[in-house]
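Visitor: Input: one structure, supplied below.
Numbering (mature numbering (1 follows the signal peptide of the UniProt record, and there is no 0)), first residue to last: -23 to -1, 1 to 201.
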């Protein structure tokens, strides 16, 4: 995998940029495309503009408004569904897509670190370019676990998730050797650097009006 720093900006008129925020990973959602091949997902992301790009400190999404993904209660709507203020497995924006989750993080001591996903459908997780979770399958919500030895310092995470029909859910958590898993932004074993400024989100009704225009204006580039 070629993981590198990314520069993104939004050419959005009339919206206010916030100050940098702590503890966030970049979530980019791409509509109407999916693949069980992680190389295809990466190539598509490299060649196309994401339909939504948002920073989250909790990677926990579902299209089931009555439930939640994984083990920890509380989930967000997927970014495109949030922008359009829609719910449910049957809605087209929740049915066929993939998402990239990326960012830098810090660990405070040398040791083994564990990364857990609950997902419907498949997911791939890379830490510093090493594939530690490899799930190229369509399935109901299932758990996957990967581990890697990390030295104290800064490291890189890249996750690809894909969805094709039925429920769309993802929970991504982290633990040290204690095996007490926590959301990234709530973890006491890792830290996440400050993110670049982000756009303050309007109310859902405003987002519904602006969504398509915003999606067309987002630009992204990668240094590899």
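Glycine included, each C-beta is placed from N, C-alpha and C at the ideal position.
(1) Just verifying my parser: in three-state terms, what is the DSSP assignment at residue 134?
(2) Please state if the CB of residue 102 and the CB of residue 92 are separated by a distance shorter than 7 angstroms.
(3) With H, G and I counted as helix, E and B as strand and the rest as coil, what does DSSP make of residue 55?
(4) Bridge partners for residue 124 per DSSP, in chain order?
(5) Since I believe residue 75 is in contact with residue 18 (beta carbons under 8 angstroms), could you give me their beta-carbon distance rounded to a whole number of angstroms?
(6) When burial is assigned at 16 or more other CB atoms within 10 Å of the CB, is residue 85 buried or exposed?
(7) Residue 144 and residue 41: beta carbons closer than 7 angstroms?
(8) With three or more C-beta pairs closer than 8 angstroms as the rule, is the stretch 54 to 74 touching the stretch 4 to 11?
(9) Is residue 38 closer than 7 angstroms to residue 11 when the C-beta atoms are compared?
(10) Compare the C-alpha of residue 113 against each of 137, 129, 126 and name the closest.
(11) Keeping to the same chain, check which residues put their C-beta closer than 7 angstroms to that of residue 28; ignore five residues upstream and five downstream.
(12) Have a look at residue 111 and residue 120 and give me their C-alpha separation to the nearest angstrom.
(13) For residue 27, does the three-state DSSP call read helix, strand or coil?
(14) According to the neighbour-count rule (16 or more other Cβ atoms, all chains shown, within 10 Å of its Cβ), is residue 126 buried or exposed?
(15) Report buried or exposed for residue 44, applying the criterion of at least 16 other Cβ atoms within 10 angstroms of its Cβ.
(16) Which whole-angstrom value describes the C-beta separation of residue 134 and residue 104, a residue pair presumed to lie in contact below a C-beta threshold of 8 angstroms?
(17) Which residues in the same chain as residue 164 place their Cβ atom closer than 7 angstroms to its Cβ, once the five residues preceding and following it in sequence are excluded?
(18) Measure the C-alpha to C-alpha separation of residue 118 and residue 50 and round it to an integer number of angstroms.
Guide: From the atom records:
(1) Start at 1 with the first residue of the chain shown, and residue 134 comes out as number 157. Strand, per DSSP.
(2) The residue you call residue 92 lines up with position 115 of the chain shown. The residue you call residue 102 lines up with position 125 of the chain shown. It is a contact, given that the beta carbons lie within the stated cut-off.
(3) Looking up residue 55 in the chain shown gives position 78. Note: residue 55 maps to coil in three-state DSSP.
(4) Translated into the one-based positions of the chain shown, residue 124 becomes position 147. In the DSSP output, where bridge partners are listed per residue, residue 124 has 91.
(5) Here residue 18 refers to the residue found at position 41 of the chain shown. Here residue 75 refers to the residue found at position 98 of the chain shown. That belief holds up - the Cβ atoms of residue 18 and residue 75 are roughly 5 angstroms apart, short of 8 angstroms.
(6) As a first step, residue 85 must be located in the chain shown, where it is residue number 108. Counting Cβ neighbours within 10 Å, residue 85 comes out exposed, since fewer than 16 surround it.
(7) In the chain shown, the residue the question calls residue 144 occupies position 167. In the chain shown, the residue the question calls residue 41 occupies position 64. Against a cut-off of 7 angstroms, the Cβ pair of residue 41 and residue 144 comes out as a contact.
(8) yes
(9) Working through the chain shown from its first residue, we reach residue 11 at position 34. Working through the chain shown from its first residue, we reach residue 38 at position 61. No, these two residues do not count as a Cβ contact at 7 angstroms.
(10) Translated into the one-based positions of the chain shown, residue 113 becomes position 136. Nearest of 137, 129, 126 to residue 113, Cα basis: 137.
(11) For the purposes of this step, residue 28 is identified with residue 51 of the chain shown, where counting begins at 1. Hits under 7 angstroms: 6, 7, 8, 57, 192.
(12) Counting from 1 along the chain shown, the entry for residue 111 is found at position 134. Counting from 1 along the chain shown, the entry for residue 120 is found at position 143. Between residue 111 and residue 120, the C-alpha separation is close to 12 angstroms.
(13) The residue given as residue 27 occupies position 50 in the chain shown. Of the three classes helix, strand and coil, the one that applies to residue 27 here is coil, per DSSP.
(14) Working through the chain shown from its first residue, we reach residue 126 at position 149. Exposed is the call here.
(15) In the chain shown, counting from the first residue as 1, residue 44 sits at position 67. Label assigned to residue 44: exposed.
(16) Numbered from 1 along the chain shown, position 157 holds the residue referred to as residue 134. Numbered from 1 along the chain shown, position 127 holds the residue referred to as residue 104. About 6 angstroms; that satisfies the 8 angstroms criterion.
(17) Taking the chain shown and counting its residues from 1, one reaches residue 164 at position 187. Within the same chain, residue 164 has close Cβ partners 151.
(18) Within the chain shown, numbered from 1, the residue matching residue 118 stands at position 141. Within the chain shown, numbered from 1, the residue matching residue 50 stands at position 73. Roughly 15 angstroms separates the two Cα atoms.
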